[in-house]
Every structure is written in C-alpha cells, then in structure tokens.
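Numbering (my numbering), first residue to last: 119 to 526.
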C-alpha cells in the first residue's frame, strides 16, 4: 500500500544563515552528531571510527561530479545555459565521455524559449586553443528535459571538453555562482567514475586520516557507483508524498562486492555513506527478489526497481537470499558487473534490509531525503535536527555530518 504521508509533517525552520555556503578549510574538521539507539551526542568527524563497530562493512559511492553546466550564446547574443543530465548517444557514460567530435545528451535548458533550433556556440576563452564547441537542439522535451547534440573540432574527448568549458553545478540553494574552490571541494577524495551532476555529499568529509582510523579497526571499505542526477534537488510540490514522482538514477555494482555484502549482512554492521549508497543497497533487495521470482527473464529485465515496489506487498526473503540470487544470476550469465536503475523512494513505513548505520549530512525541509531519515530513525529526527540547530551545526551539502543508528 502506498504510504499516506503529508510532506508538511516533515518540515522544520531552516534559517538562511545555517546553510553552509562554503566548505570548511579541513574536510574532516566538520561536526559529527551521533544518534545511537539511546541518545545523541556531539563529536568531530575525524573521530568517526570511534563510533563504528570493528569489522563493519562500509559502503561508499565513488561517482565523480562532472562540470556539466555549460553556457553558450546564440548569434543574437542570447545566453543559453545547458545542464547535462545523462548521455543519450552513446548511452553508456564511459563511452560518452570518451567520445570525440560529437555526442548527444539529455539536458535541462536555461532560457529555452530563446532557443528555437539554430546552433549555439561556446564563447569563453579556454586553455584549448582553437576549440570550436557548439550545441544543437535536437528535441525540446514536453517537460523540462531536452536532447542536445554537442559538437567540437579539436581531437579531444568530451570529458576534456567539459573540463575546459564546464562549471561544477553546485546546488541551487547555495545562492551563489560556482567558484574555483568548488572544483576540488564539491568532490570526494575517492571520486572515480564520471557521471554525477551533484556530489554524494556525505563523502565530502572523508580524508586519508579518517580512512586510516577506519582501517585500524578492520572496517572494510567498499565502493559502489550511483550517478546522482539533478532530480535530487527537485522539491516535493504535492501535498501527499504518494503524488510525488521520484527521479530515476543508474547504479553499478560488481560480483565480488555482492558476495562480500551477502556475507556482511549476516555477520557485521553495514554502514552506508550517504543517501545515494543507501538507495543502492536497499534497491539490491528488490533486484534479488526479481531474480528469485522471475528467473526466466533476461538479466536486463530484472534490473529496474520501481518507486513504490517496496510498499506493494509483503516480502519474506532475507537480504542474504536476495543477494545470493543476484550472484547466482550473474554467475550463470558470466556477468561481472551489473548496471541497474532505481526509482526507489524511502519514506516512513519502509523496511530497511541492508543498512544498519548511516553517515549523512542534514537535509532540506520537506525533501525526500528527510523522509529517508525519518524512515531510518523514526520520529527522533525532529529532536535530532532541533539539537543540530541549537548547537551550531551547518546544514546541507557543505554542512556538517551525522552518524545514525537504524531504529529497531
């Protein structure tokens, strides 16, 4: 049954001056608010390992933010902004970033009414001499998403074009232009696979010092990859969450990771770094259910998780059974990595099956991310956020962090 939740029940007062506009000088010097199953207390992020059990299984999202915000001019002088969302041709992220000469992307267009179809040209000086970079509007979407073809003359990849011409698409609630500091700091130190237009911000606090302290407690660190889309910033405009359409995001995991996770869920604490890692881990359960119940279908048909799937029926399989079913499917088809697609929405009433602890920042009022927190720790989220507001915590993407223990 679709949960009947009013989004207005998940709000709190967030003054503008509590939103962190810039990162701290040192990543791991941010505050850490620990919420265990009894109480909550203050610490510093560089002490994170003190609060995580030995031999835990910690999951990071190693997606990499790309400078996907581009500005072009029409021959009339009109400014056109293009925010790249996801590749259309080639549809594979890695292939698209490696493309030379041209590629096609789905994108959000700023000042779209001024763009009637003629090509627009990138107009700023770059480090690449003679770069003739332009864009053609192939299809103006019925909604806000259009299809754009990019073309360039230089013998370089699209990834190199973006690095030379693009800006990091920092969150709109920062209310400022992108600056040089964002190139480095709106990115985790372990970012690897290009594709996100928003950072998995829980990971921004991690440093080599923190990693060494985790290693000293034999805490396993594993990576998955979910490319964060612009949908993460889409506000909930409907009165009831049941009427909100959740965005879809691609993620990839490997066979060895799934085997390790299957062992970890039965023996150790699983710690998700961020809401994106959480969405991946919890989505794997339903992919496993597909593998158990629809074994005659092709692997590709099994790898999509719908928004309300977790709430439509009772599920009796264990997480370990679900993961082992994915492993069996991959081994039978000689697949080393899967690329899945999830629209899962996690709201109060959701049953967590993988994640025991969550590292996350403080989220916007009336957002799907705040609902995810409400599902994880229950009504205590109000007291937690009240404590953070009363004790000088900085909020949102460049803000401070929390470590949450899932309510039983």
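For every residue, glycine included, the Cβ atom is placed at its ideal position computed from N, Cα and C.
Name the one or two DSSP bridge partners that residue i has.
i	result
residue 458	369
residue 136	In the DSSP output, where bridge partners are listed per residue, residue 136 has none listed.
residue 266	223 and 255
residue 312	182
residue 149	162
residue 198	190
residue 331	Paired residues: none, contrary to the question.
residue 218	275
residue 319	In DSSP, residue 319 forms no bridge with anything.
residue 228	199
residue 285	187
residue 475	389 and 523
residue 293	In DSSP, residue 293 forms no bridge with anything.
residue 239	191 and 252
residue 176	339 and 389
residue 497	Paired residue(s): none; residue 497 is not in a bridge.
Going by other Cβ atoms of all chains shown within 10 Å of its Cβ, with 16 needed for buried, is residue i buried or exposed?
i	result
residue 312	buried
residue 179	buried
residue 288	buried
residue 238	buried
residue 447	buried
residue 241	exposed
residue 173	exposed
residue 330	exposed
residue 323	buried
residue 259	exposed
residue 286	buried
residue 509	exposed
residue 156	exposed
residue 515	buried
residue 504	exposed
residue 119	exposed
residue 250	exposed
residue 406	buried
residue 144	exposed
residue 168	exposed
residue 222	buried
residue 243	exposed
residue 482	buried
residue 400	buried
residue 200	buried
residue 225	buried
Identify, in the order they occur along the chain, each residue of the same chain with its Cβ nearer than 6 angstroms to the Cβ of residue i, setting aside the five sequence neighbours on each side.
i	result
residue 269	220 and 252
residue 356	362
residue 176	337, 339 and 389
residue 398	342, 344 and 369
residue 232	196
Spatial neighbours of residue i within its chain, please: C-beta separation below 7 angstroms, excluding the five flanking residues on both sides.
i	result
residue 310	180 and 182
residue 375	340 and 342
residue 281	185
residue 162	147, 149 and 150
residue 304	183, 286, 288 and 317
residue 205	211, 214, 221 and 223
Going along the chain, which residues of its own chain have a beta-carbon closer than 8 angstroms to the beta-carbon of residue i, five neighbours each way excluded?
i	result
residue 457	368, 369, 370 and 421
residue 354	125, 362, 484, 485 and 486
residue 373	445, 448, 449, 453, 454 and 455
residue 257	264 and 265
residue 170	176, 332, 335, 337, 387, 389, 475 and 521
residue 358	122, 123, 124 and 125
residue 248	271 and 272
Query raised in the report: Pairing CB atoms from the stretch 403-412 with CB atoms from the stretch 488-506, are three or more of them under 8 angstroms?
Result: no
Query raised in the report: Counting only runs that start and end within the stretch 376-450, where is the beta strand (DSSP E) found for 3 or more residues in a row?
Result: 388-391
Requested in this report: Please determine if the stretch 511-522 and the stretch 462-482 are in contact, where contact requires at least 3 C-beta pairs separated by less than 8 angstroms.
Outcome: yes
Query raised in the report: Counting pairs of beta carbons, one from the stretch 273-280 and one from the stretch 197-217, are three or more of them closer than 8 angstroms?
Result: yes
Query raised in the report: If we count Cβ pairs, one from each stretch, closer than 8 angstroms, do we get three or more for the stretch 376-393 versus the stretch 439-446?
Result: yes
Report task. Could you say if the stretch 422-433 and the stretch 459-467 meet the contact criterion of at least three C-beta pairs nearer than 8 angstroms? Result -> yes
Query raised in the report: Can at least three beta-carbon pairs, one atom from the stretch 132-142 and one from the stretch 292-300, be found at a separation below 8 angstroms?
Result: yes
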